[in-house]
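Inspection log for the structure reproduced underneath, given as C-alpha cells.
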RNA sequence: GGAGAGGUGGCCGAGUGGUUGAAGGCGGCGGCCUCGAAAGCCGUUGUAUCGCUUGCGGUACCGGGGGUUCGAAUCCCCCCCUCUCCGCCA
C-alpha cells in the first residue's frame, strides 16, 4: 500500500509511476474520496468533542445531585447525528482502503522505464552456457527415461501441472533444498524459518497478495485459509503489527516452503514438464531493513541467491525488470535466469525484489530509531526455486547416454551418488 | 469435538456504567545523594491521526468486530487467541 500522503502532496510522482507501470487507475477519484473522508472525519471528531464535554457536565450535575435530564436529552440528538456520521465515515474508509490497496508500488529511480519485458536491462552474466556434442534433451525426456520424474502418475493423482518425483529425483529435490538452506544459514547469516503453509486472508493482504491476486492463489473451502503462493507471505507477516528495535536490523530469514499457485492466465504456457506447476518447492530469502540500507541489502540478497548457481556450476544472467514488467509490490526487481539446454534459453529461477515500505505499511511493520516509529523496508528473493533448479541440474549435467552427473556440492546430500542412471 | 477459565499499557497486575489514557508494582528515562556505584528519594514514562505549530489542543485505541446508553475497559451479541480437563489423532 502506498502512503495516502503521496496522493495529497505528491500526486504527480504517483501519476508518473502509474503511467510507467501501464496502470490505469483514476487517482483523481481516489483523491476526492480521501478529501471527503477527511472532512467527514473532522466533523465527527468535533461532535465527539462536544459529547465528551457534555459528558463531564452531566457527571458534575449528578455529583451535585442536580437534575441532568435536560442535558441528557440534548445529547441524545448529538449522539444520533454522530452515529450517522460514523456510519458514513466507515463507508468511505473501506472505499478508500479498497482503492489504495490496488495501487502498485512506486518504481525505484534506477529501474528502466518501459512497457514490458523488452525493456528489461541485462546486469551481468556468469559463465557461458555449456556445449554439448549431442542434441541435449529436455528434463521431461531425461526425467522419464531415468525414472525420476513421473508426469503420468501426477496427472492421475492431481491433474495437470503436477509432478511426481521418484527415487533419485525425490532425493535430488531434497538435496538441493538442504544445500540451499545450509549455504544461506551457515555462510550468509540467515535465520531458518519453517512457517505454516496455510495462512489467513489478513496475512495474504499484508503481503500484497490480496485483494488483487485472489485468482492466483488456492484457498481452503469454507475457511479463511489460503495455501501460501510463496514463503514471502508468512515471512512478511512474521513481524506484522510490530515495532522492531532498529538495532536488530537487518533481520534476515530463509524459509523452505512448497508454493501453491493456480497459474490462472497462463493457459497454454509451459504446459509440459515441471517448469510451471500448481505446487513447487522454493527456498525463500527475506530481509527487514531500514530505508537507507534496503538498496544495498537488495544487491547483497541477490548475490546470495547467485552463489547457489555458482556452486552448482550453472550458467546464468541477472536482469533488472522494467517498470512495465515488475510485480505489484516491488519498487525494484532483479530476475536471475538460469541456462536451460532443453529449452535453449535462459529461464527465471529467482526473482529478488525490494518492496521498500509498501508491504510494511500494509502489514504495519515499523522500527524505532529516533523518536518516531518508521516503516521498515522489506526484501524478498528466491534462493532458489528448487524445482527449476532440479530441471537446470539434470539438463545441464546430462550425458550422451542419458545419465546425469551429480554436481559435486550435492554429493554429500546424495549419499555420495555421483551419477543418476536409468533404472534398467 | 465436549466442559471450564482467561485475554487490560514494554512487563506484572487493579479496575463491573460517569473527571479512567486507565490505581499499584516492575522495567526504562531524567534528577538528588555519592569519589563512583548500589540502595534510597523526587519526577517522568504509549501509539495513531487531525488542527494551530520549538509547544499546545481535538479525536481514537483496555484481543478483533458489531450493539445498548447522554456516557462503555466495565452491559449484550459474533469472532479470534491462550490456559486447564476430557475425547481424538501424528
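In this note's numbering, the protein residues as written are 111 to 534.
Using N, Cα and C, we set each Cβ at its ideal position, and we do this for glycine too.
Taking DSSP's pairing of strands, which residues face residue 445 in a bridge?
429 and 461
Taking 8 angstroms as the cut-off, does the segment 156-170 touch the segment 239-254 (at least 3 CB pairs, one atom from each stretch)?
no
By how many angstroms is the C-alpha of residue 333 removed from the C-alpha of residue 292?
35 angstroms
Spatial neighbours of residue 510 within its chain, please: C-beta separation below 6 angstroms, excluding the five flanking residues on both sides.
244
Neighbourhood of residue 128 by C-beta distance below 8 angstroms, restricted to the same chain and skipping five residues each side
134, 135, 137, 213 and 214
Spell out a yes or no on whether the segment 448-459 and the segment 318-329 are touching, meaning 3 or more CB-CB pairs, one atom from each, closer than 8 angstroms.
When C-beta atoms of the segment 448-459 are compared with those of the segment 318-329, fewer than three pairs fall below 8 angstroms, so the two segments do not count as touching.
Flag this pair as touching only if the segment 148-160 and the segment 227-236 have three or more C-beta atom pairs under 8 angstroms; answer yes or no.
no
Length of the line joining the Cα atoms of residue 117 and residue 144
9 angstroms
In the DSSP output, which residue or residues are listed as bridge partners for residue 492?
394
In the DSSP assignment, find the alpha helix (DSSP H) that holds residue 407 and state where it starts and stops.
404-422
Which residues does DSSP pair with residue 368 in a beta bridge?
391
Reducing DSSP to helix, strand and coil, say where residue 322 ends up.
coil
Jot down the residue ranges of each uninterrupted beta strand (DSSP E) in the segment 256-310, minimum 3 residues, whole runs only, in chain order.
301-303 and 308-310
Length-filtered (4 minimum) alpha helix (DSSP H) runs lying within the segment 120-163
121-130
Quick one: residues in its chain with C-beta nearer than 7 angstroms to the C-beta of residue 418, no 5 flanking neighbours on either side, listed in chain order?
Hits under 7 angstroms: 290, 293, 493 and 494.
So residue 468 is in the alpha helix (DSSP H); what residue range does that whole segment cover?
468-473
Assumed close pair residue 360, residue 398 - CB separation to whole angstroms, cut-off 8 angstroms
6 angstroms
Rounded to a whole number of angstroms, what is the C-alpha to C-alpha distance between residue 268 and residue 389?
10 angstroms
Do residue 279 and residue 259 have their C-beta atoms closer together than 7 angstroms?
Yes, the Cβ-Cβ distance between residue 279 and residue 259 is below 7 angstroms.
Taking 7 angstroms as the threshold (C-beta atoms), are residue 160 and residue 188 in contact?
Yes, these two residues count as a Cβ contact at 7 angstroms.
Between which two residues does the alpha helix (DSSP H) carrying residue 210 extend?
179-211
Residue 487, DSSP secondary structure in three states
Strand.
DSSP-derived helix/strand/coil call for residue 233:
strand
Taking the DSSP output, what are the residues bridged to residue 399?
487
Going by the CB atoms, is the gap between residue 176 and residue 346 shorter than 7 angstroms?
no
Below 7 angstroms between beta carbons: does that hold for residue 123 and residue 433?
Residue 123 is not a Cβ neighbour of residue 433, given a cutoff of 7 angstroms.
Roughly how far, in whole angstroms, is the beta-carbon of residue 501 from the beta-carbon of residue 485, given that I think they are within contact range, below 8 angstroms?
Actually they do not touch by this definition, with Cβ atoms about 38 angstroms apart.
Would you kindly report the start and end of the unbroken beta strand (DSSP E) that includes residue 352?
352-355
Three-state secondary structure (DSSP) of residue 500
helix
Where the beta strand (DSSP E) through residue 337 begins and ends:
335-337
On the CB-based measure, 16 or more other CB atoms within 10 Å of its CB, does residue 263 come out buried or exposed?
exposed
What's the C-alpha gap between residue 561 and residue 449?
With the chain running from 111 to 534 in the structure shown, residue 561 is simply not present.
Check each candidate in 140, 216 and 284 and name the one with the smallest Cα separation from residue 525.
284
Mind checking which residues open and close the alpha helix (DSSP H) that includes residue 535?
Since the first and last residues shown for the chain are 111 and 534, residue 535 lies out of range.
Select from 471, 532, 236 and 386 the residue whose C-alpha is nearest the C-alpha of residue 113.
471
Apart from the five residues just before and just after residue 339, which ones in its own chain have a Cβ nearer than 7 angstroms to its Cβ?
These residues qualify, in order along the chain: 319, 326, 327, 369, 370 and 371.
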